[in-house]
Amino acid sequence: MSRLSSRHLLGLEETPQEDIMLILETSNSFREVLERQVKKVPTLRGVTVLNLFYENSTRTRISFELAEKRLSADTINFSTSTSSVKKGESLRDTVQNIEAMKLDMVVVRHGSTGAPYFLTQCMDANIINAGDGAHEHPTQALLDMYTIWKKYGKFAGLRVVLVGDVKHSRVIRSNIWGLKAVGASVALCGPSTLLPVEVEKFGCDVYHNIDEALDGADVVNVMRIQLERQEGGMFPSQREYTNLFGITKERLKLLNKNYTIMHPGPMNRGVEITSEVADGKNSVILDQVTNGQAVRMAVLYLLSGKKEEGDA
Ligand code: CP
């Protein structure tokens, strides 16, 4: 039995606050493992995990693979470019053939919203969403939340600003659901063309002016501007985006004293964030990456339903 209320992690919109806090608390134990000389525990010995990536990834794929290896799971990496997907094999046939080789868990990234849910309907494995279309990227939001929680020790009373492409960002969506569930105050800021219709339904403060959004904020999570979407003319130019929404050293003066700068990566330095800010003393961008491994170890462990050595 999974220790979470679901045997899959598809998104944070449906994940109760108790599950989120259990994942964050469990991440603490695995974060400590990462500081040991031998960064490996036998927790998932005998468990086979498929990393099924239909989209490119650096951080998420490597982080999951390392998390699985550090838990002693057997890991299979699948990438579309070297598979029979190139010969036209469907997602259903692909996963059912791999599952026939006996696997227990699937970590999936896919360009289509709902692909992780689709997998729950055609296989028995535990499914973990590693990013689906513009829908959700739950483990990214959980690692962002863990990083905030480690620094401040709380969520209530913190003001978190999510800046960028609110319309297309799965990271923003997962952050909204997760942060609201644990009681943080969430503000959204971006150009009108990058805010979805009925943005108010998220139940967050919405700003079109970055200086107003940053005023008195504790945490700024800066999203990548998806330059590939620029063909759609969502904003006039990169320079204009930087002038109106870029996180610069001058703008940091608006934040609370003990502020934190975050970015899920990959960054467009000089566009949505300057290098001075990204590499500054209050940036936790690389801590996010380290913490991500511990959070993914926690998610894999909790969903697998396996007991830790020494548990009753
Ligand atoms: N943050 C994130 O999802 O990065 P990757 O696309 O490199 O996995």
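Numbering-wise (the working numbering), the sequence shown opens with residue 959 and increments by one.
Backbone N, C-alpha and C fix where the C-beta goes; we use that ideal spot for every residue, glycine too.
Sub-8 Å separation of residue i and residue j beta-carbons
i, j, result
"Ala1142", "Leu1116", "yes"
"Val1164", "Ile1231", "no"
"Asn1084", "Asp1062", "yes"
"Val1007", "Ala1031", "yes"
"Ser1015", "Gln1251", "no"
"Asn1009", "Arg1017", "no"
"Phe1203", "Gly1148", "yes"
"Leu1029", "Met1255", "yes"
"Val1129", "Pro1222", "yes"
"Asn1240", "Leu1185", "no"
"Thr1248", "Leu992", "yes"
Among the options, the one whose alpha carbon lies nearest that of residue i
i, options, result
"Glu1198", "Asn1179, Gly1174 and Val1229", "Val1229"
"Thr1105", "Ile1219, Asn1087, Ser1150 and Leu1260", "Ile1219"
"Asp1245", "Ala1073, Trp1107, Arg1182 and Glu1208", "Trp1107"
"Val1023", "Asn1240, Val1066 and Pro1194", "Sequence inspection shows Glu at residue 1023; the Val mentioned does not correspond to that position. Comparing Cα positions, the closest option is Val1066."
"Leu1260", "Thr984, Ser1048, Pro1224 and Asp1051", "Thr984"
"Thr1206", "Val1053, Val1178, Lys1060 and Gln1184", "Val1178"
"Ser1262", "Ile1086, Leu1049 and Lys1045", "Ile1086"
"Gln975", "Gly1004, Glu1158 and Met1103", "Met1103"
"Lys1060", "Ala1092, Gly1004 and Phe1011", "Gly1004"
"Lys1109", "Glu971, Asn986 and Ala1236", "Asn986"
"Gly1111", "Asn1201, Val1140 and His1126", "Val1140"
"Leu967", "Glu1094, Val1235, Val999 and Ser1070", "Glu1094"
"Lys1159", "Gly1091, Asp977, Lys1125 and Ala1236", "Lys1125"
"Gly1191", "Ser1150, His1166, Asn1216 and Glu1208", "Ser1150"
"Leu1002", "Thr1033, Glu972 and Val996", "Thr1033"
Nearest-angstrom beta carbon gap, residue j and residue i [assumed within contact, 8 Å]
i, j, result
"Glu1026", "Leu1258", "6 Å"
"Gly1072", "Glu1013", "So it is not a contact: roughly 14 Å between Cβ atoms."
"Glu1057", "Met1081", "5 Å"
"Leu980", "Leu962", "7 Å"
"Asn1123", "Leu1152", "Here the sequence assigns Asp to residue 1123, which means Asn is not the residue at that position. 4 Å between Cβ atoms; contact."
"Phe1011", "Ser1037", "6 Å"
"Asp1176", "Val1118", "7 Å"
Lining residues of the ligand CP - beta-carbon closer than 7 Å to any non-hydrogen atom, in sequence order: Asn1014, Ser1015, Thr1016, Arg1017, Thr1018, Arg1019, Gly1089, His1095, Gln1098, Val1129, Pro1222, Gly1223 and Pro1224
Segment contact, 8 Å Cβ cut-off, at least three pairs: the segment 1211-1218 with the segment 1168-1182: yes
Given 8 Å, three or more beta-carbon pairs between the segment 1133-1142 and the segment 1097-1104: yes
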